[in-house]
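Letter 25 of the sequence shown, counting from 1, is numbered 25 in this note's numbering, and no numbers are missing.
We put the CB at the ideal spot given by N, CA and C, even for glycine.
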Amino acid sequence: MNRPPVQLGSVVLSRAGRDNGRYFVVVGQGDDEHVLIADGRLRKVESPKKKKLKHLTPKPACMSEIQIKLDKGELIQDAQIRKFLASNGFEPNDKQEE
């Protein structure tokens, strides 16, 4: 499977599990098959969800400020993630299938 690499700050859509249809931001790397995701609401930055890459659909949006902060080792706020997702049309209850 050739999947595009998912990087820190990328917006992803969950395609499986209880969070199916919800948008998240990648806040950490797991192993080769997993990433850590948060949406600032149900999944906070302090307790991100470990999710398999095959259950996520990457979106073209990327939150570069999160990427920069994580690279520097700075803390990210849940409000920043919520604001970014809402302002870019990734609403929390949006259940679109693509």
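{"Check": "For Ser87, does the three-state DSSP call read helix, strand or coil?", "Outcome": "helix"}
{"Check": "Which term fits Pro48, buried or exposed, when burial requires 16 or more other beta carbons within 10 angstroms of its beta carbon?", "Outcome": "buried"}
{"Check": "Note down the Cα distance separating Ile66 from Gly17, rounded to an integer number of angstroms.", "Outcome": "25 angstroms"}
{"Check": "Measure the C-alpha to C-alpha separation of His34 and Phe84 and round it to an integer number of angstroms.", "Outcome": "23 angstroms"}
{"Check": "Please list, in chain order, all residues of the same chain as His55 whose beta carbon is under 8 angstroms from its beta carbon, the five residues on each side excluded.", "Outcome": "Ser14, Arg15, Ala16 and Gly17"}
{"Check": "Identify whether Ala79 lies in helix, strand or coil by the three-state DSSP scheme.", "Outcome": "helix"}
{"Check": "For the alpha helix (DSSP H) that Leu70 lies in, which residues bound it at each end?", "Outcome": "Ser64 to Lys72"}
{"Check": "For the beta strand (DSSP E) that Ala38 lies in, which residues bound it at each end?", "Outcome": "His34 to Ala38"}
{"Check": "Measure the C-alpha to C-alpha separation of Pro60 and Leu75 and round it to an integer number of angstroms.", "Outcome": "24 angstroms"}
{"Check": "For Lys52, report the span of its beta strand (DSSP E) as first-last.", "Outcome": "Lys49 to Lys52"}
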